[in-house]
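This report concerns only the one structure given below.
Protein chains: 4
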Amino acid sequence: MYFQINPKNNTPLYEQLIHQVKEMYAKGLLKPNEKLPSVRELSSQMVINPNTVSKAYQELERQGVITTVRGKGTFVSEELIQSHTPQQEENLKQSFKQVIIDSYYAGFSKQELLRWFNDVYEEMEGENDES
Amino acid sequence: MYFQINPKNNTPLYEQLIHQVKEMYAKGLLKPNEKLPSVRELSSQMVINPNTVSKAYQELERQGVITTVRGKGTFVSEELIQSHTPQQEENLKQSFKQVIIDSYYAGFSKQELLRWFNDVYEEMEGENDES
Amino acid sequence: MYFQINPKNNTPLYEQLIHQVKEMYAKGLLKPNEKLPSVRELSSQMVINPNTVSKAYQELERQGVITTVRGKGTFVSEELIQSHTPQQEENLKQSFKQVIIDSYYAGFSKQELLRWFNDVYEEMEGENDES
Amino acid sequence: MYFQINPKNNTPLYEQLIHQVKEMYAKGLLKPNEKLPSVRELSSQMVINPNTVSKAYQELERQGVITTVRGKGTFVSEELIQSHTPQQEENLKQSFKQVIIDSYYAGFSKQELLRWFNDVYEEMEGENDES
DNA sequence: GTGGTCTAGACCACA
DNA sequence: GTGGTCTAGACCACC
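Protein chains in written order, with the working numbering: chain A, 1 to 131; chain B, 1001 to 1131; chain C, 2001 to 2131; chain D, 3001 to 3131.
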């Protein structure tokens, strides 16, 4: 499985890339210190502009997920700092609530959401176990 | 307590309004057939552009949450149709997963998220019971 | 006195802009909630690309110095959060030491640097007093 | 304790090396006429490209900090010429101001910076006394 | 009107 | 080879 993006999606390409990388890391598909494809490589592979990839990488570095070394390339960080401001916590709670309400309006039951919830964590924990 | 919006937030004002209305309905703070403030009224009350309110109302009507009666005003729908396309389901799952992953990076445990999850449903069920 | 940039300087244009804004704010030349020139306005005024201005503004927002409101413009933040990580503290100390050593090699005495030091603070405190 | 470099730092490796040498000299850890390790030696010791070391040495020689004698090696200069152009003075003042402002935004007081300031000079003067 | 995103293409510094 | 910066020009969503 490799990076893939949906150009029809409203969310910006660079954000989709950010999400992809973070998801792959969370699932253990990307290991610490692993080298990521170069900006040019990835951009040609995904058929998007190098600047777009670059923007995603820069934001990921800002978040501490990856580290770039001049002239060498970009690498997954050794370990990530899991911290947050009260502001961020509030935003996350808000987003969480929002998704739940939207799902409610789409006719999904609490049980169904709980299944989704557990599915996500199974993917994450499962992959990390085998390391 | 009434509608309130944060202009500094990244999410568009009209979306914030939509979310507000849906949340209040889900919590039972808005009852079916209840009358909503007029576009002009609400826009002046919230100090935002009437077009913004109008756009939110249009979208809410499209989703079947509210109904406008020409010359009468806009009202909460009698009952809402809870349906969805496979496309929507996929999008919701995706958003759900994304929020969970972001929370993971912010250092929140599965237990904490589960508590948030239940909190949201408690708010919704609690208010709906009394109806 | 207005924004001005030195294209011959090695430091990137967008960083120079960031520094300018932060300096003006520190000196009290920019007041909280004051509106900054729009991206296009400033870019044409400085004869640089709008993207460059945009990049600077985005970084300034990330640092909490300014706030952008969709469709309205960008504004100086109401109040700035002065915080830092141990990592940042270390970096600052390092930079500080570096500048001092470089000045030493250029033949400046401790007294001269102390004068510079006080000059900077006088500019900052002086301007803030009159508010 | 010897030369050490952080490849993840933004400042170029060769600049970090330059700073290191200048700092050690200023602190008296390197004496005039002392022999420096050869390019090959140092590069293998630090696990960096020889070109990088070479570039640093060239720049240090240009600044008059070290002197290379063909076939003999590179040595710390007997005495350094402390001079500067008006342009350099301006640049230094600018950097100085910038670091102070950045520290201000990070929440450090004038007193704290003054302590840093004195700390740097203590390190330098202390070591030089014994010479 | 505002800022945000994306592309295409160029140049540069670093290793 | 790598990433970083900058430009020119386009399109879009939001208000």
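The C-beta atom is built at its ideal place from N, Cα and C for all residues, glycine as well. Treat the numbers as computed from the prediction; the structure is a model and nothing was measured.
Residues bridged to residue i [DSSP beta-bridge criterion]
i                  : result
Thr-2068 (chain C) : C:Thr-2074
Lys-1035 (chain B) : B:Phe-1075
Short Cβ contact (8 Å threshold) for residue i with residue j
i                  : j                  : result
Glu-34 (chain A)   : Val-76 (chain A)   : yes
Ile-3005 (chain D) : Glu-3059 (chain D) : no
Gln-2082 (chain C) : Ala-3106 (chain D) : yes
Lys-110 (chain A)  : Tyr-1025 (chain B) : no
Pro-32 (chain A)   : Glu-79 (chain A)   : yes
Ile-2101 (chain C) : Lys-3008 (chain D) : no
Phe-2117 (chain C) : Phe-3117 (chain D) : yes
Ser-103 (chain A)  : Leu-114 (chain A)  : no
Leu-42 (chain A)   : Phe-3 (chain A)    : yes
Gly-3099 (chain D) : Leu-2092 (chain C) : The sequence given here places Val at residue 3099 (chain D); Gly does not occur at that position. Against a cut-off of 8 Å, the Cβ pair of Leu-2092 (chain C) and Val-3099 (chain D) comes out as a contact.
Arg-70 (chain A)   : Pro-3086 (chain D) : no
8 Å Cβ cutoff, residue i in contact with chain A
i                  : result
Gly-1107 (chain B) : yes
Pro-3012 (chain D) : yes
Lys-1146 (chain B) : Outside the displayed span of chain B (1001 to 1131) sits residue 1146 (chain B), for which this structure offers no information.
Near the ligand MN: residue i beta-carbon under 7 Å from a heavy atom
i                  : result
Leu-3017 (chain D) : As for the ligand MN, it is missing from this structure, which has no ligand bound.
Minimum Cβ-Cβ distance from residue i to chain B less than 8 Å
i                 : result
Gln-87 (chain A)  : no
Tyr-121 (chain A) : yes
Own chain partners of residue i with C-beta closer than 6 Å, once the 5 adjacent residues on each side are dropped
i                  : result
Val-2039 (chain C) : Pro-2050, Val-2053, Ser-2054
Gln-74 (chain A)   : For clarity, residue 74 (chain A) is Thr in the given sequence; the question names Gln instead. Cβ neighbours of Thr-74 (chain A) beyond the five flanking positions: Leu-36, Tyr-57, Ile-66, Thr-68.
Tyr-2014 (chain C) : Thr-2052, Lys-2055, Ala-2056
Leu-3030 (chain D) : Met-3024, Val-3076
Partners in chain C for residue i, counting only beta-carbon separations shorter than 8 Å
i                  : result
Lys-1008 (chain B) : Thr-2067, Val-2069
Neighbour flag for residue i against chain D, beta carbons, 8 Å
i                  : result
Lys-2097 (chain C) : yes
Gln-2082 (chain C) : yes
Tyr-2057 (chain C) : no
Same chain, Cβ closer than 7 Å to residue i, five either side skipped, listed in chain order
i                  : result
Met-3124 (chain D) : Ala-3026, Lys-3027
Asp-3129 (chain D) : Only weak support exists for where Asp-3129 (chain D) lies, its pLDDT of 49 falling under 50; the coordinates are left without a value.
Glu-90 (chain A)   : none
Gln-2020 (chain C) : Phe-2003
8 Å Cβ cutoff, residue i in contact with chain C
i                  : result
Leu-3042 (chain D) : no
Tyr-3002 (chain D) : no
Listed by chain order, chain D residues near residue i by CB distance under 7 Å
i                  : result
Ile-2101 (chain C) : Lys-3022, Glu-3023, Ala-3026
Contacts that residue i makes with chain C (C-beta to C-beta distance below 9 Å)
i                  : result
Phe-3117 (chain D) : Phe-2096, Ile-2100, Lys-2110, Leu-2113, Leu-2114, Phe-2117
Spatial neighbours of residue i in its chain, beta-carbon cut-off 8 Å, leaving aside the 5 residues before and after
i                  : result
Gln-1016 (chain B) : Ile-1005, Asn-1006, Asn-1009
Asp-1119 (chain B) : none
Lys-1072 (chain B) : none
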